[in-house]
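Since the structure comes first, as structure tokens, the remarks are kept for the end.
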Amino acid sequence: MRQFRCAREDGRKEVKTGLLWIAVLLSIVAGSSGEEPTLVIENARVIVGDGMVMDGATVVIAGDRIQSVSTKNPELKAGKRIDARGRTLMPGLIDTHVHFFGLTGQGQAAFRAQIKTLAPRYMKDFIQHGVTTVKSLADPLDLALELRTMVNEGRILGPRILLVGPCFTAPGGHPAVTLGRDDPWMRSEIAIEVDDEDMARREVRRLAEKGVDAIKAAVEAGQGTGMPDTMPRLSADVLRAIVDEAHRHRLPATVHTHREQDVLDAIESGADGVEHGLWDSTFSDNRLPDLLLQRNVNYTPTLWAWSLDRESRSFEIARQNLKTLSDKGVHISLGTDTLCSMPRPGLNTIEEMEFMAESGLTPEKIIRAATRNAAEHLGLLDRLGTVEPGKVADLIVIAGDPLKDISSLHQVQVVIKAGQVVYNAEAEIATPHGVPSDSNPVSWFEIPVTDMPRAKAFYEQVLNVKLQPLKLGPLEMAIFPMRAGTPGATGALMKGEAFQPSSRGVQIYFTTPDVDGTLERIQRLAGKVVLPKTRIGPLGFIASFEDSEGNRIGLRSWQ
204 MRQFRCARED GRKEVKTGLL WIAVLLSIVA GSSGEEPTLV IENARVIVGD
254 GMVMDGATVV IAGDRIQSVS TKNPELKAGK RIDARGRTLM PGLIDTHVHF
304 FGLTGQGQAA FRAQIKTLAP RYMKDFIQHG VTTVKSLADP LDLALELRTM
354 VNEGRILGPR ILLVGPCFTA PGGHPAVTLG RDDPWMRSEI AIEVDDEDMA
404 RREVRRLAEK GVDAIKAAVE AGQGTGMPDT MPRLSADVLR AIVDEAHRHR
454 LPATVHTHRE QDVLDAIESG ADGVEHGLWD STFSDNRLPD LLLQRNVNYT
504 PTLWAWSLDR ESRSFEIARQ NLKTLSDKGV HISLGTDTLC SMPRPGLNTI
554 EEMEFMAESG LTPEKIIRAA TRNAAEHLGL LDRLGTVEPG KVADLIVIAG
604 DPLKDISSLH QVQVVIKAGQ VVYNAEAEIA TPHGVPSDSN PVSWFEIPVT
654 DMPRAKAFYE QVLNVKLQPL KLGPLEMAIF PMRAGTPGAT GALMKGEAFQ
704 PSSRGVQIYF TTPDVDGTLE RIQRLAGKVV LPKTRIGPLG FIASFEDSEG
754 NRIGLRSWQ
């Protein structure tokens with residue numbers, strides 16, 4: 204898309220004139236807005252976000268904007284001051300690939316319930332981990348719009364939201380028959396199945412009128428989602444029509460890819476970005492990296508998604524390809540493919556940055572991918588992504604220096620969104636609309652399986668619950684129910700190279716109102732009782748068994 208590409212080219216010119224910019228910046232004491240400062244952050248090591256660093260700097264905020272950035276110490280009155288001595292200030296993190304809804308049930312009612320039950324928690328998690336902007340890539344449009352409105356109006360504390368609504372795909376393609384396979388309502392809401400150029404253009408226009416921020420299409424043939432590699436795939440003509448119509452409405456277009464040909468098709472369509480990129484093989488030659496660079500196509504690797512099965516071939520391939528593209532100078536943005544109904548989505552953003560470091564990227568390049576590059580990819584570089592006068596004050600304060608150790612980003616101490624302190628670690632609460640932190644540190648468990656249909660049937664019958672199936676590349680999952688506001692943890696059955704059943708190690712205990720009845724069902728389903736019902740004093744009763752896969756599992760009840 205021409206205007207987005209021009210923005211990137213202009214951004215690269217800015218780097219070349221960096222010395223001049225620094226000279227101007229150091230002379231700034233107060234901005235030209237004339238507003239009274241509302242927040243002053245002093246003595247900070249400032250990571251600007253474009254490769255520049257300023258030691259002992261003062262950042263002045265007026266309203267929702269950065270008024271000045273200076274290595275001088277101006278005498279200013281402000282409503283609030285933060286002494287960041289020994290700490291690092293940098294732009295808020297941007298995750299360009301998340302999914303808000305799903306995995307907790309089927310149908311419209313179950314999805315809508317997440318806005319009241321799960322959304323306040325996962326929105327808070329983003330903020331507490333320094334993520335101030337996210338882009339939703341394939342969620343039910345009306346629900347995503349409603350969630351965005353709630354955040355904008357201050358009814359939920361959370362990051363700034365951009366969204367695409369449903370994803371364009373071929374009839375019977377991904378994500379329609381993968382994520383939406385067992386839920387007709389979900390299928391109709393997260394996928395637009397088209398094989399006609401005119402229909403594709405009409406649907407793009409409809410989404411533009413609804414207020415989406417970008418358009419997404421998928422050219423996945425199937426194997427990357429754990430399905431047979433014979434799924435229908437968008438034709439080149441339909442994909443070009445989708446991208447062209449998006450650009451007519453000044454919307455960037457991004458494409459879900461898996462194989463080398465997928466990425467080439469996305470580039471040839473004129474797309475502004477590719478999601479996941481290439482992860483079934485390494486690059487066969489320099490053609491693809493060269494095209495990505497020459498046409499300024501953004502590459503979002505989503506390593507976190509493949510890390511769920513860290514020993515898989517896909518994870519290693521994705522990391523190798525990322526390093527190749529980084530060395531080439533390709534425009535890379537951070538995105539995780541986080542499923543927000545799984546625990547701690549903001550933590551996943553930081554883990555994505557750690558995986559980038561493991562891939563061989565420097566901390567400076569990683570931070571740039573999560574700030575300036577991400578903002579540029581979203582078309583927001585004029586407002587976000589760097590610590591510069593005139594930009595929106597989305598900032599985080601870190602205890603440590605992520606340029607020396609990217610893992611210091613786990614030590615987020617202060618989060619500022621649009622000029623307001625929305626999280627202060629010392630206060631141990633999110634402010635001003637925060638939700639108290641979870642009191643139980645255990646939030647997720649994983650049970651390894653070798654036969655997913657057998658294991659899924661076993662647990663559904665033993666516990667009288669419905670597990671939600673999910674495939675992420677080579678990783679196969681079945682998610683246990685999640686209910687916000689109730690005690691205990693949730694988790695999933697996990698099938699993949701890194702997950703091998705065992706009767707050793709940490710033992711998981713499921714709550715049950717009737718230990719005896721549950722043990723009877725276990726034996727009927729070919730499970731093995733290891734410890735019969737046993738009283739543990741005032742803590743009630745426990746029992747343990749081996750499941751259909753050979754894992755040692757516990758039961759607990761008050762009676």
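Positions 204 to 762 (the numbering used here) are the ones given, in order, by the sequence shown. Yeah, the Cβ is synthetic: ideal placement off N, Cα and C, and Gly gets one too.
Tyr662 to Val533, Cα distance in whole Å? Here residue 662 refers to the residue found at position 459 when the sequence shown is read from its first residue. Here residue 533 refers to the residue found at position 330 when the sequence shown is read from its first residue. If you take the alpha carbons of Tyr662 and Val533, they lie about 46 Å apart.
Suppose contacts are defined by Cβ-Cβ distances below 8 Å. Is Thr552 in contact with Leu296 by that definition? Looking up residue 552 in the sequence shown gives position 349. Looking up residue 296 in the sequence shown gives position 93. Yes, they are a contact pair.
Looking only at C-alpha atoms, which of Glu239, Val243, Val337 and Val262 sits nearest to Thr541? Walking along the sequence shown from the start, residue 541 turns up at place 338. Closest by alpha carbon: Val337.
Would you decide whether Asp401 is buried or exposed? Buried here means 16 or more other CB atoms lie within 10 Å of its CB. Working through the sequence shown from its first residue, we reach residue 401 at position 198. Burial call: exposed.
Contact between the region 403-414 and the region 438-451: three or more CB pairs below 8 Å? yes
Taking just the CA atoms, how far does Met655 sit from Glu749? In the sequence shown, the residue the question calls residue 749 occupies position 546. In the sequence shown, the residue the question calls residue 655 occupies position 452. Going by the C-alpha atoms only, they are around 16 Å apart.
Spatial distance of Gly757 from Val732 (CA atoms): Residue 757 sits at position 554 when you count from the first residue of the sequence shown. Residue 732 sits at position 529 when you count from the first residue of the sequence shown. Each residue's alpha carbon lies about 10 Å from the other.
Say the cut is 7 Å; is the CB of Asp447 nearer than that to a heavy atom of the ligand COA? Looking at this structure, you won't find the ligand COA or any other ligand, since it has none at all.
Would DSSP call Ile632 helix, strand or coil? Residue 632 sits at position 429 when you count from the first residue of the sequence shown. Because the pLDDT at Ile632 is just 46, under 50, the model does not fix this residue reliably, and the value given afterwards should be weighed accordingly. Correct three-state label for Ile632: strand.
If I follow the unbroken alpha helix (DSSP H) through Glu772, where does it start and stop? Lying before the first or after the last residue shown, residue 772 is absent from the chain, which here runs from 204 to 762.
In terms of residues, what are the limits of the beta strand (DSSP E) holding Ser747? Residue 747 sits at position 544 when you count from the first residue of the sequence shown. Note, Ser747: beta strand (DSSP E), Phe744 to Glu749.
Ala474 vs Val458 beta-carbon contact at 8 Å: Start at 1 with the first residue of the sequence shown, and residue 474 comes out as number 271. Start at 1 with the first residue of the sequence shown, and residue 458 comes out as number 255. Yes; because the gap between Cβ atoms is below 8 Å, this pair is in contact.
Ordered along the chain, which non-local residues of its own chain (more than five positions away) have a Cβ less than 8 Å from that of Glu557? Reading the sequence shown from its first residue, position 354 is the one you call residue 557. Same-chain partners within the cutoff: Ile609 and Ser610.
Gly720 - containing alpha helix (DSSP H), residue span: Position 517 of the sequence shown holds residue 720. Its alpha helix (DSSP H) spans residues Val718 to Arg727.
In this structure, does DSSP put Gln270 in helix, strand or coil? For the purposes of this step, residue 270 is identified with residue 67 of the sequence shown, where counting begins at 1. It is a strand residue.
Would you identify the three-state DSSP class for Ser640, choosing helix, strand or coil? Numbered from 1 along the sequence shown, position 437 holds the residue referred to as residue 640. Because Ser640 sits at a pLDDT of 40, beneath the cut-off of 50, its placement in the model cannot be relied upon, and the following sentence gives the value as read from the coordinates. Coil.
Element boundaries [alpha helix (DSSP H), containing Lys659]: In the sequence shown, counting from the first residue as 1, residue 659 sits at position 456. Where Lys659 is concerned, the enclosing alpha helix (DSSP H) stretches over Met655 to Leu666.
Hey, quick one: how far does the beta strand (DSSP E) through His300 stretch, first residue to last? Taking the sequence shown and counting its residues from 1, the one referred to as residue 300 is at position 97. Here the beta strand (DSSP E) through His300 covers Leu296 to His302.
Please name the residue in Thr372, Ile599 and Thr653 whose C-alpha comes closest to that of Gln331. The residue labelled residue 331 in the question sits at position 128 within the sequence shown. Checked all of Thr372, Ile599 and Thr653; the closest Cα to Gln331 is Ile599.
Can the beta-carbon of Ile470 be found less than 8 Å from the beta-carbon of Ala456? As a position in the sequence shown, residue 470 is number 267, starting the count at 1. As a position in the sequence shown, residue 456 is number 253, starting the count at 1. No Cβ-Cβ contact shorter than 8 Å links Ile470 with Ala456.
Check for me: the alpha helix (DSSP H) holding Lys669 runs from which residue to which? By 1-based counting over the sequence shown, the position of residue 669 is 466. No alpha helix (DSSP H) contains Lys669, which DSSP labels as neither H nor E.
Could you check what DSSP says for Gln614 in three-state terms: helix, strand or coil? Working through the sequence shown from its first residue, we reach residue 614 at position 411. Of the three classes helix, strand and coil, the one that applies to Gln614 here is coil, per DSSP.
Going by C-alpha distance, which of Leu511, Leu481, Leu528 and Leu506 is nearest Asp493? Taking the first residue of the sequence shown as position 1, residue 493 is located at position 290. The shortest Cα separation from Asp493 among Leu511, Leu481, Leu528 and Leu506 belongs to Leu528.
Under the three-state DSSP convention, the category His461 falls into: The count along the sequence shown starts at 1 and reaches residue 461 at position 258. In the structure shown, the three-state DSSP call for His461 is coil.
Three or more C-beta pairs closer than 8 Å, one from the region 254-274 and one from the region 497-504: is that the case here? no
Helix, strand or coil for Glu356 per DSSP? Indexing the sequence shown from 1 puts residue 356 at position 153. DSSP places Glu356 in coil when its eight states are reduced to three.
Locate the alpha helix (DSSP H) running through Phe329, then write down its first and last residues. Here residue 329 refers to the residue found at position 126 of the sequence shown. Phe329 -> alpha helix (DSSP H) spans Ala322 to Gln331.
Rounded C-beta distance between Gly254 and Met293? I'm assuming under 8 Å. Counting from one through the sequence shown, the residue named residue 254 turns up at place 51. Counting from one through the sequence shown, the residue named residue 293 turns up at place 90. Wrong, their Cβ atoms sit about 12 Å apart, outside the cutoff.
With DSSP as the reference, label Pro684 as helix, strand or coil. Counted from its first residue, the sequence shown places residue 684 at position 481. Residue state, collapsed to three classes: coil.
Could you check the C-alpha separation between Ser751 and Ile364 for me, to the nearest Å? Counted from its first residue, the sequence shown places residue 751 at position 548. Counted from its first residue, the sequence shown places residue 364 at position 161. Cα to Cα, Ser751 sits roughly 42 Å from Ile364.
Trp647 classed as buried or exposed, judged by whether at least 16 other C-beta atoms fall within 10 angstroms: Within the sequence shown, the letter at position 444 stands for residue 647. Label assigned to Trp647: exposed.
Could you give the distance in angstroms between the alpha-carbon of Arg727 and the alpha-carbon of Asn754? As a first step, residue 727 is located in the sequence shown; it is residue number 524 there, counting from the start. As a first step, residue 754 is located in the sequence shown; it is residue number 551 there, counting from the start. So the two alpha carbons sit approximately 17 Å from each other.
Quick check on DSSP: helix, strand or coil for Arg384? Here residue 384 refers to the residue found at position 181 when the sequence shown is read from its first residue. The answer is coil: DSSP assigns Arg384 none of H, G, I, E or B.
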